[in-house]
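Reviewing the structure listed below.
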Amino acid sequence: MTQNPPIPLSLLQPGDQGEVVLVQAKGQVRQRLLEMGFIRGARLRVEKLAPLGDPMELVIKGYHLSLRREESSCILVQPVAG
Amino acid sequence: MTLTVALAGNPNCGKTTLFNALTGARHHVGNWPGVTVERRSGTFEHGGTTMEVVDLPGTYSLAARSEDERVAVHFLASPEVDLVLNVLDASNLERNLYLSTQLLELGKPVAFVLNMVDDAENRGVRIDVPALELLLGGPIIPTVGNREQGIDELKELLGKMARGESNRCRRITVDYGHDIEGELAKLQTEICRDEQLEASMPPRWLALQLLENNVEAKRVVGESHASEAITQQLARSFAFLEPHLGADGATLVAERRYGFAHGLVKEVASAPDDKKSPTARLDALLTHRLLGIPIFIGVLALMYSLSFILGKIPQDWIADAFKALSTFASARLPAGELTSLLVDGVIPGLSAVIVFVPVIMILMGCIAFLEDTGYMARAAFIMDRLMHVMGLHGKSFIPLIMGSGCNVPAIQAARTIESPQDRLITMLVTPLVSCSARLQVYIVIAGTFFSPFKAALAIIAMHFLGLGLAVLMGRLLRSALFSGPSSPFVMELPPYRLPMLKATLIHMWEKGSIFLTRAGTTIFAGATLIWFLSRYPGIANREWTLEYQQQRQAIVALNLPVAEAEDRLKAAQLAHESRIVNTSLAARLGQKVEPILRPILDPDHKRAEAWKDVIALTAGFVAKEIVVSTMAVIHQASEEPKEGERLSPLQVALRDGSGLTPLTALAFMVFTLIYTPCIGTIAMIRREAGSWRWASFTVAYGLVLGWGLAWATVTLGRAMGFA
């Protein structure tokens with residue numbers, strides 16, 4: 001598989017999967033995201049977007065989480081074929 | 001001897017259910033000192049040992065960033081705690097174990113509860129409990145909290161640990177790898193130079209927090225005399241680790257903790273099967289792109305009807321009972337100060353407090369139910385986009401909407417919002433949402449000065465104005481009070497669960513009784529104060545009282561038909577009260593304050609009686625609907641229309657005698673909407689925000705904003721040629 005450059009999580013579509021490469025957020029948000037399981041190599045899958053288009057629902061570490069675009073755009077992921 | 005057990009765990013791990021199962025009804029709800037986080041503690045006995053269980057706020061971590069986390073860490077590190085009981089959600093083990101790694105580092109003995117094992121089994125996850133016990137170094141009891149399975153075993157274990165009969169706790173900590181451990185050791189050496197610092201918390205824990213760049217840990221170190229040495233060592237550690245391991249301290253520590261958790265889960269638990277969970281099937285419907293919003297509106301409508309339509313029934317009973325009591329007392333007791341204190345002060349005051357209880361209990365019960373089922377998180381998920389535009393959180397939506405029924409429980413409903421900033425802003429803007437009490441004022445005023453169609457339009461406009469202002473003020477307060485970025489929206493969508501009826505009932509009872517004890521006294525005091533202001537000194541005037549009694553006797557002596565006699569008695573009573581109120585302290589205040597309100601209520605300075613509006617508005621502090629009954633007294637005209645007439649005598653008096661014009665009447669409505677929350681709302685804000693500061697701020701900005709908008713209404717209206 002050729003390695004594409006990582007993209008922001010916010011660009012993934014429902015159904016897409018990816019692996020966390022880097023959390024770019026700073027301060028509190030960064031710490032919170034790390035604690036919730038956004039560590040290097042963690043697998044995630046985007047479930048759906050909210051009816052109004054934001055936030056997104058994803059599955060990471062076996063549980064469901066929602067993130068606003070603000071936060072999901074600071075997480076770089078490597079898309080992975082499902 | 002008593003053993004203190006701290007109950008720690010993630011949100012949604014079933015901790016509170018377990019707490020209820022352990023302590024039964026024997027528990028107490030209070031606040032943690034200095035903060036508005038609820039503190040739940042209770043006791044149970046086992047084999048002659050009393051155990052105190054303290055339910056910590058649910059947290060994902062102990063990083064001490066949020067109020068909840070600070071409370072949890074502070075308590076866990078205190079000598080008060082003998083034993084930590086870590087509740088783990090068996091169906092979500094890996095993330096739950098992240099917190100466990102931190103709990104183990106705090107150095108207290110830790111026992112574990114593997115809760116909701118049935119959920120895990122349904123997902124095909126089987127957990128090898130003895131293996132997990134070995135790897136975590138503490139005893140583990142599997143439970144199903146909402147069916148009370150495993151509770152006896154848990155009590156027995158805690159009892160044995162208390163009596164020192166079980167010593168199954170070994171010290172297990174995460175191994176952070178050679179490089180990080182080396183730096184941790186160096187940091188610990190520096191930390192131990194300050195004995196006080198060393199004693200305040202485990203040095204290894206502090207060192208880890210420093211590596212994670214934790215603000216609170218840095219603050220603690222900043223106060224130490226070894227601060228400089230520690231900071232220098234930390235800089236050296238960062239300089240070594242970051243290039244060496246390719247990431248910053250926070251990432252490295254989190255990675256190792258998750259590494260530990262992941263390894264454990266792989267060792268002891270089977271992988272979940274792929275079949276669609278009931279939660280996924282429900283979510284396909286409940287957060288559906290098109291159906292999600294209509295379903296949510298349906299849920300909201302149901303909740304609203306339950307609280308404010310069903311809740312109105314017992315509310316009416318209470319109001320009627322107090323009214324009957326008051327009528328009974330005024331008929332039996334001689335007219336005078338004491339009777340007035342009882343009939344017009346104490347009884348309405350008590351009524352003003354108790355009348356809220358049914359609504360609060362029902363609404364808080366509904367909210368607890370939504371939270372416990374997991375739907376609350378979905379509601380926030382669905383509405384967050386809209387609320388974010390307003391500078392608020394998805395969870396702010398429900399309090400704002402419920403505010404249109406009554407602001408008091410709506411402010412309490414803001415408790416579901418985790419972020420203190422979002423919660424405070426929601427509480428501060430909720431009073432702008434027009435409640436059903438204000439509607440009664442609009443109906444009287446609009447009905448007097450407008451045609452039925454225009455009146456309906458004006459009333460609807462008030463509600464939209466209130467919501468619009470809430471949005472605007474939300475944005476404004478966010479940028480004015482909190483300069484930093486809004487708190488992150490990282491919200492778990494927990495699996496759907498059916499809550500136990502018992503838990504919901506306990507919750508409702510708690511909310512009702514907390515309201516009575518904490519907010520009730522403030523409301524009662526406020527109501528009594530307003531009684532005093534609007535009755536003195538006239539009520540103490542013996543001659544007036546005597547005159548009134550003579551009038552009554554004279555009417556009775558006439559031997560009129562019952563209906564006519566009653567009418568005359570009522571008229572005499574109204575005249576008597578009117579005389580008292582119109583010469584009261586509130587009236588004097590009204591005359592003093594009237595010039596300030598002149599631009600909005602009397603722009604042409606033609607009204608002789610504009611000060612009377614001030615009395616009514618002052619009385620409205622107690623509850624907005626009292627504005628109407630006070631006006632009836634002031635203008636000596638009944639608020640109940642005679643048969644076959646559209647307008648009540650009060651409305652006729654307002655139209656013909658008050659000097660208000662349609663335009664100033666509209667300004668009066670605008671002012672009534674905004675000028676101040678009622679005493680119940682103020683008491684609730686005080687309680688929920690933890691200080692008088694925010695409660696008084698709400699009153700102050702309401703007065704200013706209300707005046708400004710009423711003035712704008714008059715000025716613009718006149719510019720457009722209305723009168």
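Protein sequences appear in the order of chains X and U.
Numbered according to the UniProt record's numbering, the first sequence spans residues 1 to 82.
Numbered according to the UniProt record's numbering, the second sequence spans residues 1 to 723.
We put the CB at the ideal spot given by N, CA and C, even for glycine.
Beta carbon proximity, residue i to chain U, threshold 7 Å
{"i": "X/Pro79", "result": "no"}
{"i": "X/Leu12", "result": "no"}
{"i": "X/Glu19", "result": "no"}
{"i": "X/Arg32", "result": "yes"}
{"i": "X/Gln24", "result": "no"}
{"i": "X/Ile7", "result": "no"}
{"i": "X/Gly37", "result": "yes"}
Bridge-paired residues (DSSP) for residue i
{"i": "U/Glu45", "result": "U/Thr50"}
{"i": "X/Ser66", "result": "X/Glu57, U/Met491"}
{"i": "residue 104 of chain X", "result": "Only positions 1 to 82 of chain X appear in this structure, which leaves residue 104 of chain X out of reach."}
{"i": "U/Asp89", "result": "U/Asn115"}
{"i": "U/Arg39", "result": "U/Gly30"}
{"i": "X/Ile75", "result": "X/Val23"}
{"i": "U/Val144", "result": "U/Gln149"}
{"i": "U/Ala8", "result": "U/Asn86"}
{"i": "U/Ile360", "result": "Answer by DSSP bridge pairing: none, since U/Ile360 is not bridged."}
Within-7 Å CB hit, residue i to chain X
{"i": "U/Asp179", "result": "no"}
{"i": "U/Ile293", "result": "yes"}
{"i": "U/Met390", "result": "no"}
{"i": "U/Asn92", "result": "yes"}
{"i": "U/Asp613", "result": "no"}
{"i": "U/Tyr176", "result": "no"}
{"i": "U/Tyr375", "result": "no"}
{"i": "U/Phe260", "result": "no"}
{"i": "U/Asp384", "result": "yes"}
{"i": "U/Phe381", "result": "yes"}
{"i": "U/Arg171", "result": "no"}
{"i": "U/Arg535", "result": "no"}
{"i": "U/Arg123", "result": "no"}
{"i": "U/Arg438", "result": "no"}
{"i": "U/Arg95", "result": "yes"}
{"i": "U/Arg289", "result": "yes"}
Straight-line Cα distance separating residue j from residue i
{"i": "U/Glu564", "j": "U/Arg646", "result": "22 Å"}
{"i": "X/Leu67", "j": "U/Val5", "result": "34 Å"}
{"i": "U/Leu428", "j": "U/Asn407", "result": "11 Å"}
{"i": "U/Ile360", "j": "U/Ala458", "result": "29 Å"}
{"i": "U/Val253", "j": "U/Leu93", "result": "19 Å"}
{"i": "U/Ser66", "j": "U/Ser419", "result": "8 Å"}
{"i": "U/Ala527", "j": "U/Glu566", "result": "29 Å"}
{"i": "U/Val110", "j": "U/Leu104", "result": "7 Å"}
{"i": "U/Asn337", "j": "U/Trp692", "result": "Note that residue 337 of chain U corresponds to Glu in the displayed sequence, not to Asn. The straight-line gap from Cα to Cα measures roughly 31 Å."}
{"i": "U/Gly590", "j": "U/Ser396", "result": "37 Å"}
{"i": "U/Leu333", "j": "U/Leu341", "result": "12 Å"}
{"i": "U/Tyr442", "j": "U/Val556", "result": "37 Å"}
{"i": "U/Asp68", "j": "U/Val37", "result": "7 Å"}
{"i": "U/Ala329", "j": "U/Arg475", "result": "50 Å"}
{"i": "U/Ala680", "j": "U/Gly259", "result": "Note on residue identity: the sequence assigns Gly, not Ala, to residue 680 of chain U. Each residue's alpha carbon lies about 51 Å from the other."}
{"i": "U/Ala665", "j": "U/Glu594", "result": "16 Å"}
{"i": "U/Trp205", "j": "X/Leu22", "result": "25 Å"}
{"i": "U/Lys323", "j": "U/Ser696", "result": "31 Å"}
{"i": "U/Thr715", "j": "U/Thr448", "result": "22 Å"}
{"i": "U/Pro358", "j": "U/Phe296", "result": "24 Å"}
{"i": "U/Ala271", "j": "U/Asp118", "result": "15 Å"}
{"i": "U/Leu245", "j": "U/Val29", "result": "47 Å"}
- prompt: Going along the chain, which residues of the stretch 227–256 of chain U sit with their C-beta nearer than 8 Å to a C-beta in chain X?
  reply: From the stretch 227–256 of chain U, only Ala247, Ala250, Thr251, Ala254, Glu255 have a Cβ closer than 8 Å to chain X.
Would you list, in sequence order, the uninterrupted alpha helix (DSSP H) runs of no fewer than 4 residues that lie entirely inside the stretch 658–700 of chain U? Whole alpha helix (DSSP H) segments, 4+ residues: 662–674, 679–689.
Can you give, in chain order, each stretch of the beta strand (DSSP E) that sits fully within the stretch 198–259 of chain U and has at least 3 residues?
As far as the stretch 198–259 of chain U is concerned, it has no whole beta strand (DSSP E) run of at least 3 residues.
Legend entry - Against chain X: residues of the stretch 489–509 of chain U by CB proximity under 9 Å: Those residues of the stretch 489–509 of chain U that come within reach of chain X (Cβ to Cβ, closer than 9 Å) are Phe489, Val490, Met491, Glu492, Leu493, Pro494, Pro495.
Q) Which residues, taken in chain order from the stretch 46–75 of chain X, show a beta carbon closer than 9 Å to some beta carbon of chain U? A) Answer in chain order: Glu47, Lys48, Leu49, Ala50, Pro51, Leu52, Gly53, Asp54, Pro55, Glu57, Ile60, Lys61, Gly62, Tyr63, His64, Leu65, Ser66, Leu67, Arg68, Glu70, Glu71.
- Closer than 7 Å, Cβ to any Cβ of chain X: which residues of the stretch 53–85 of chain U, in chain order? Result list: Tyr60, Ser61, Ala63, Arg65.
Check your understanding: Residues in the stretch 98–114 of chain U with C-beta within 9 Å of chain X's C-beta atoms, listed in sequence order?
Key -> Taking a C-beta cut-off of 9 Å against chain X, the contacting residues of the stretch 98–114 of chain U are Tyr98, Leu99, listed in chain order.
Practice item. Let me know the beta strand (DSSP E) ranges lying completely inside the stretch 302–346 of chain U, each 3 residues or longer, listed in chain order. Key: Segments of the beta strand (DSSP E) lying fully in the stretch 302–346 of chain U: there are none.
Requested in this report: Jot down the residue ranges of each uninterrupted alpha helix (DSSP H) in the stretch 548–635 of chain U, minimum 4 residues, whole runs only, in chain order.
Outcome: Here the runs fully enclosed are 562–582, 585–601, 610–619, 626–634.
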